[in-house]
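Taking the working numbering as reference, the numbering of the sequence shown is continuous, increasing by one, and the terminal residue is 73.
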Amino acid sequence: MDLEARKYNFIQELFSIDKENIMTTLEHVLKKEKEEHQEISIAQKKELDGRLESYKNNPDDVLDWEDIKQDW
2 MDLEARKYNF IQELFSIDKE NIMTTLEHVL KKEKEEHQEI SIAQKKELDG
52 RLESYKNNPD DVLDWEDIKQ DW
């Protein structure tokens, strides 16, 4: 059976699930799989999110590239 057929069959099975714990388990497995195959780690994503939030809160608190180049 090809991947597309397997996906279709899996989706059909999802519609028949009537237990909350089964859905929770499936969601957990999918989330874990997605996180493991991210191009950046979760720690890196947290760092980037923190830096972005800091910039949004203080957009004028930046360094000028020309000043940085002179110091090197």
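Glycine residues also receive a C-beta, built at the ideal position from the N, C-alpha and C atoms.
(request) Could you tell me whether the Cβ atoms of Ile43 and Glu54 are closer together than 8 Å? (result) In the sequence shown, residue 43 corresponds to position 42, counting from 1. In the sequence shown, residue 54 corresponds to position 53, counting from 1. No. Outside cutoff.
(request) Give the straight-line distance between the Cα atoms of Ser17 and Glu34, rounded to the nearest whole angstrom. (result) By one-based count along the sequence shown, residue 17 stands at place 16. By one-based count along the sequence shown, residue 34 stands at place 33. The straight-line gap from Cα to Cα measures roughly 23 Å.
(request) Could you have a look at Lys42 and say whether DSSP puts it in helix, strand or coil? (result) Taking the first residue of the sequence shown as position 1, residue 42 is located at position 41. What sits at residue 42 in the sequence shown is Ser, not Lys. It is coil, neither helix nor strand.
(request) Could you check the C-alpha separation between Asn59 and Asp72 for me, to the nearest Å? (result) Sequence index remark: in the sequence shown, residue 59 carries index 58 (1-based). Sequence index remark: in the sequence shown, residue 72 carries index 71 (1-based). Cα-Cα distance, rounded: 24 Å.
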